[in-house]
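Since the structure comes first, as structure tokens, the remarks are kept for the end.
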Amino acid sequence: MEDERRGGAWRRFSLHVRVRLRQGWRRARWAFAPTLVGAGTAAVAYLISVHLLGHTLPIFAPTAAWLCLGFSSDRQLRRVAELGVGCTLGVALGEAFLRLFGAGVIQIFAVLVISALAARIVDRGEMLTYQAGVQAIVVTAMPVGAMVDGGFGRWSDALVGALLALFVAALLPVRAIQRPRRRAQAALTELSDLLRALGEALRLGDPDRARDALTMGRDTQQVLDNWEKTVRAARQVTTLNPALRGDRPEVQRLARGSVLADRAVRNARVVARKAESVAASGPHVHIGRTLEELSSALRLLAVDLGSGQRPSDSRGRIVEAARGLDPAAYADDGWPTQTLVSVLRSLVVDVLQIGGMTASGARAQLPGNPQAMGPAASGATTGAAGGGEGGDEGDEDDEAPDDAVRAD
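Quick look at the structure:
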């Protein structure tokens, strides 16, 4: 018995590690190109300061360039300029303070206060203030001899890096919708994997697999949070940039989709908890296969959202898979199985809404519903969470399906 517990704990730990590694590899893949751009810009800034300004160790040139661009593709011009001004201001104030008063504890305290307040006067951006303070501390803590080099002060190195970063950011195309699309695809892919694991657990009657699925469900929260954050950033960009006005409807749909996906994952976690006891009673082949079919359909929906396509085909596949969730088919299976089916029906409603249906239209697709209309009920759709033309966002009942499970 003890060996079984240890084996189960080790299996769940290894599953947790695999999920984290998969998510980490995805983040690294997305950051690869932006990192190359940021690193290249930092190297060029270093060369400019060495050969044009005559500085032997222009550390603040690549530092400013990297801080402004970094590894993220979210390079809004205002944000880049804000970081650049903060970095340059901090270095300038720190250098002036160092030359006038030297280095020491009191000097660091004073220059931090002055640089932070000066940054607040210059602009309301928080990052500008943080960068001004940090760079001022770094400069003030350096030896005076390291600061006197070349024909200009070290603030010019920071200015070179900041201006070069701003130039690069202005040249790069702004794709406000790309990151939310990718985050949406990643989140729905994680949900698809979770449903597949649950389907296998129920089909095989394996409660250990159900516990593993619950571990997977808990590890999806970070992916969902990333989706919500990128949508929020995309909303700001499309609001401020008139050239991106055409992306606003899709950003709105993806924002709504992130809320629905969070609710669907919470429902999936509830299913995982209930599936453990249901699987312990033996194999449930029908409901297990239904979940596996739903997983495959959801993966197609993830691809549609990631590419900005209208998800009509994947939505139809979800409706087909949901036909296996007729409550009448489980009338003799006991209340645990019936409760599990009820939660799954709520999950399907959430997923269909991500695909563009209204809440009432999604509920009408469920078997056993008096309003069931079949998969061709195109009139019950709104704009999909991905691309394509969209209608309005639906009725008031879109925000709160009657059978949604809201507690985790």
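So the sequence shown is numbered by the numbering used here: it starts at 28 and just counts up by one.
All residues carry an ideal CB built from backbone N, CA and C; glycine is no exception.
All figures in this text were calculated on a predicted structure; none of them were measured in a lab.
Helix, strand or coil at residue i [DSSP, three-state]
i    : result
M154 : helix
M384 : strand
M169 : coil
N253 : helix
T83  : coil
Q134 : helix
R147 : helix
L7   : Given that the chain is displayed from residue 28 to residue 435, the structure contains no residue 7 and the question cannot be resolved.
P61  : helix
S41  : helix
R272 : helix
P89  : helix
S99  : coil
G311 : According to the sequence displayed, residue 311 carries His and not Gly. The answer is coil: DSSP assigns H311 none of H, G, I, E or B.
Q202 : It is Arg, not Gln, that sits at residue 202 in the sequence shown. Correct three-state label for R202: coil.
V46  : helix
A407 : For A407, the predicted model reports a pLDDT of 48, less than 50, meaning its position is unreliable; a value from the coordinates is still stated below. A407 falls in the helix class under three-state DSSP.
Beta-carbon proximity list for residue i, same chain, < 7 Å, skipping 5 on both sides
i    : result
R275 : T265
E303 : P234, A237, R238
A168 : A130, I135
R102 : L96, A196, L199
A443 : No statement about residue 443 is possible, as the shown extent of the chain runs from 28 to 435 and does not include it.
R350 : P394
W182 : T115, V118, A119, E122
P85  : Y73, S76, V77, D184
S405 : Low confidence applies here, because S405 scores a pLDDT of 40, under 50, leaving its location unreliable and the question unanswered by this model.
Cβ-based neighbour list, residue i, same chain, cut-off 6 Å, excluding 5 preceding and 5 following
i    : result
T364 : V305, Y357
E109 : G152, M154, L155
T436 : Because the chain spans 28 through 435 in this model, residue 436 falls outside it and cannot be assessed.
Limits of the alpha helix (DSSP H) - the one that residue i falls within
i    : result
S219 : 205-231
R290 : 275-307
G113 : 104-128
R236 : 234-245
F194 : 182-198
Cβ pair residue i, residue j closer than 8 Å
i    : j    : result
G180 : F87  : no
H311 : G232 : yes
R342 : G388 : no
G395 : G315 : no
R290 : D377 : yes
S219 : S76  : no
L120 : V138 : yes
S142 : A159 : yes
L79  : R208 : no
L89  : A60  : Sequence check: residue 89 is Pro here, not Leu. Result no, Cβ atoms of P89 and A60 do not sit closer than 8 Å.
G284 : I381 : yes
A261 : A240 : no
L325 : L229 : no
V370 : V298 : yes
Q212 : V46  : no
A295 : L221 : yes
F98  : A72  : no
R344 : L327 : yes
L104 : A203 : no
V107 : A192 : yes
E217 : T247 : yes
L251 : V292 : yes
Q50  : Q249 : yes
L125 : V166 : yes
E320 : A288 : no
W254 : R300 : no
G65  : W37  : no
Q17  : V346 : Because the chain here runs from 28 to 435, residue 17 falls outside it and cannot be looked at.
Own chain residues within Cβ distance below 8 Å of residue i, not counting five before or after
i    : result
G414 : In this predicted model, G414 has a pLDDT of only 49, less than 50, meaning its place in the structure is not dependable enough to derive any value.
D150 : E109, V112
L313 : The sequence shown places His at residue 313, rather than the Leu named in the question. Excluding residues within five positions, the ones whose Cβ falls inside 8 Å are G351, A356.
L367 : V298, K301, A302, V305, I314
task: Could you tell me which uninterrupted beta strand (DSSP E) segments, each at least 3 residues in length, are contained entirely in the region 326-379, listed from first to last along the chain?
output: none
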